[in-house]
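Taking it in order: structure first as structure tokens, then the write-up.
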Amino acid sequence: MDNLLIKAKNIIAGKELKVIKNAGILIENGKISKIYEDISKIKISDNFKIIDAEGDTIIPGMIDCHNHLALDARLQNHLVKMNDCEAEQTIRALKTMKDDLYSGVTTARCCGDRFYIDVACRQAQKEGRIIGPRLIVSGIGMRSLHGHGYVGMPHCGPEEFRKTSRENIEKGVNFLKVFMTKVINATPFIYHFLTMEELNVVVTEAKSVGISTSCHCSGGQGLDACLTAGIDCLEHVYYITKKQIEQVKEKDRWVVYTPSYALNDELLFKFSPHDKDGSLREKEIICDCLSDAIKNELKFGIGTDGLHTGLAQEAIYISSLGAKNKDVLAGITTNAAKLCGIQNITGSITEGLEADLVILDGNPLEDIKALKRVKTVIQGGKKIL
Ligand SMILES: [Zn+2]
Numbered sequence: 001m002d003n004l005l006i007k008a009k010n011i012i013a014g015k016e017l018k019v020i021k022n023a024g025i026l027i028e029n030g031k032i033s034k035i036y037e038d039i040s041k042i043k044i045s046d047n048f049k050i051i052d053a054e055g056d057t058i059i060p061g062m063i064d065c066h067n068h069l070a071l072d073a074r075l076q077n078h079l080v081k082m083n084d085c086e087a088e089q090t091i092r093a094l095k096t097m098k099d100d101l102y103s104g105v106t107t108a109r110c111c112g113d114r115f116y117i118d119v120a121c122r123q124a125q126k127e128g129r130i131i132g133p134r135l136i137v138s139g140i141g142m143r144s145l146h147g148h149g150y151v152g153m154p155h156c157g158p159e160e161f162r163k164t165s166r167e168n169i170e171k172g173v174n175f176l177k178v179f180m181t182k183v184i185n186a187t188p189f190i191y192h193f194l195t196m197e198e199l200n201v202v203v204t205e206a207k208s209v210g211i212s213t214s215c216h217c218s219g220g221q222g223l224d225a226c227l228t229a230g231i232d233c234l235e236h237v238y239y240i241t242k243k244q245i246e247q248v249k250e251k252d253r254w255v256v257y258t259p260s261y262a263l264n265d266e267l268l269f270k271f272s273p274h275d276k277d278g279s280l281r282e283k284e285i286i287c288d289c290l291s292d293a294i295k296n297e298l299k300f301g302i303g304t305d306g307l308h309t310g311l312a313q314e315a316i317y318i319s320s321l322g323a324k325n326k327d328v329l330a331g332i333t334t335n336a337a338k339l340c341g342i343q344n345i346t347g348s349i350t351e352g353l354e355a356d357l358v359i360l361d362g363n364p365l366e367d368i369k370a371l372k373r374v375k376t377v378i379q380g381g382k383k384i385l
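With the first letter of the sequence shown counted as 1, position 294 gets the number 294 in our numbering; the numbers rise by one all the way through.
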């Protein structure tokens, strides 16, 4: 592997995402070996390849906090395609992984895929047999027999949840994922499909081996149940109330925002059973709830939920809902890494960590849309794009 020196106008470095101007990053054996605070002082031997990004900004490789490898929301009838055979879904996963990596996503957190495709792809990526983001995986997502979840598999009663939890753990997943509610679900009553007993079993099994839990949860009583059971991360939270925001904060839990499903009209109308007006009403409620959560500074990650290559757009939506650019960037880098438990491996430009980097035309701390202007992607010190 080549040793690299990258010179840049701005490097957004460290866990605090601090801007260092006219700086350089030295990469040796795939890792960030040195950050130079002044390019003019760099003296290195000839065996380094140099990337000149002196007009550009380097950020940490992006982390998609809510991904499904075989769910590709860019396709027609993408939910029905979750019933495709294993081979077809695997082929789709290989394509979405490649696309995501080229868009600047060097790590993805997979919130459920059928057939343990995510577990297999995690290993294959690690060994360099396929290209794509590093993967944090949850294996088989667990939904209720009568509940929502196109990617999850149906379960009924605590013992079925326990069995799949243990199968997932045996396969070596990084966390367990359950599905509590629908996606967009008209208020005031939000259906919830898992009992306390079922949730408790999943949390107990995860804790017994030191892994975390995550729940697809829009809001309502289901969200209260997740807080009580000790679920570590709440996905979507479209209808989170002020009271629940307080509790999430007090209990120090994570949330993952996937705003496209509420803010991207094309998707919203595709999913909603209501007419256009109904959908727009939902959109307004959801925007209010998410803005409230953002204003109260819940710890968050940002995810695409299968809208592959769309992470930059999700980040832009979160900024439009009131988040500061630095917090938005943290939600796809430093904080995202903490949420995944990989902050000592990747997620920031810190000496000793993997050289997962993205070179952007523009500084996202000043202009969040710069996240869309990806010029170069480097993963583990290897130039991908
Ligand atoms: Zn999802």
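Don't be surprised by glycine CBs; every beta carbon is placed ideally from N, CA and C. The structure presented is a predicted model; accordingly, all values stated were derived computationally and were not measured.
*Spatially closest choice to histidine 155 from Ile50, Ile136, Leu145 and Leu75, by CA coordinates*: As a position in the sequence shown, residue 155 is number 155, starting the count at 1. Measuring from the Cα of histidine 155, the nearest candidate turns out to be Leu145.
_Which listed residue (Arg114, Ala87 and Gly128) has its alpha carbon closest to that of valine 151_ = Within the sequence shown, numbered from 1, the residue matching residue 151 stands at position 151. When only C-alpha atoms are compared, the closest one is Arg114.
*Could you give the distance in angstroms between the alpha-carbon of serine 390 and the alpha-carbon of isoleucine 140?*
Nothing can be reported for residue 390: it is not among the residues displayed for the chain, which extend from 1 to 385.
*asked:* Is it buried or exposed, lysine 372, if we count other Cβ atoms within 10 angstroms and call 16 or more buried?
replied: Looking up residue 372 in the sequence shown gives position 372. Buried.
_Tell me the DSSP secondary structure of asparagine 335 in three-state form._
Indexing the sequence shown from 1 puts residue 335 at position 335. Here asparagine 335 sits in helix by DSSP.
*Do glutamate 54 and lysine 21 have their CB atoms nearer than 7 Å?*
In the sequence shown, the residue the question calls residue 54 occupies position 54. In the sequence shown, the residue the question calls residue 21 occupies position 21. Going by C-beta atoms, glutamate 54 is not nearer than 7 Å to lysine 21.
*Is cysteine 440 near ligand 1, going by C-beta to nearest heavy atom under 6 Å?*
One cannot answer for residue 440 here, as it falls past the ends of the chain, which runs 1 to 385.
*What are the start and end residues of each continuous beta strand (DSSP E) run of 3 or more residues lying completely inside the stretch 226-308, in chain order?*
233-239, 254-257 and 299-302
*Name the two residues that bound the continuous alpha helix (DSSP H) containing glutamine 123.*
The count along the sequence shown starts at 1 and reaches residue 123 at position 123. 117-126 is the extent of the alpha helix (DSSP H) around glutamine 123.
*Quick one: is phenylalanine 300 buried, meaning 16 or more other Cβ sit within 10 Å of its Cβ, or exposed?*
Taking the first residue of the sequence shown as 1, we reach residue 300 at position 300. Its Cβ being crowded by 16 or more others within 10 Å, phenylalanine 300 is buried.
*Any idea if alanine 87 is buried or exposed, counting beta-carbon neighbours within 10 angstroms, 16 or more meaning buried?*
Working through the sequence shown from its first residue, we reach residue 87 at position 87. So alanine 87 counts as exposed.
_For ligand 1, is there any heavy atom lying closer than 6 Å to the beta carbon of aspartate 2?_
For the purposes of this step, residue 2 is identified with residue 2 of the sequence shown, where counting begins at 1. The answer is no for aspartate 2.
*asked:* Please state the DSSP three-state secondary structure of valine 178.
replied: Against the sequence shown, residue 178 aligns to sequence position 178. Correct three-state label for valine 178: strand.
*Hey, quick one: how far does the alpha helix (DSSP H) through asparagine 200 stretch, first residue to last?*
As a working note, residue 200 is residue 200 in the sequence shown. From DSSP, the alpha helix (DSSP H) with asparagine 200 extends over 196-208.
*Does the stretch 195-205 touch the stretch 239-254, meaning 3 or more C-beta pairs lie closer than 8 Å?*
no
_Please state whether the Cβ-Cβ distance between asparagine 168 and valine 137 is less than 7 Å._
By one-based count along the sequence shown, residue 168 stands at place 168. By one-based count along the sequence shown, residue 137 stands at place 137. Not closer than 7 Å, so no.
*For methionine 62, which residues does DSSP report across the bridge?*
The sequence position of residue 62 within the sequence shown is 62, counting from 1. According to DSSP, methionine 62 bridges with Val105.
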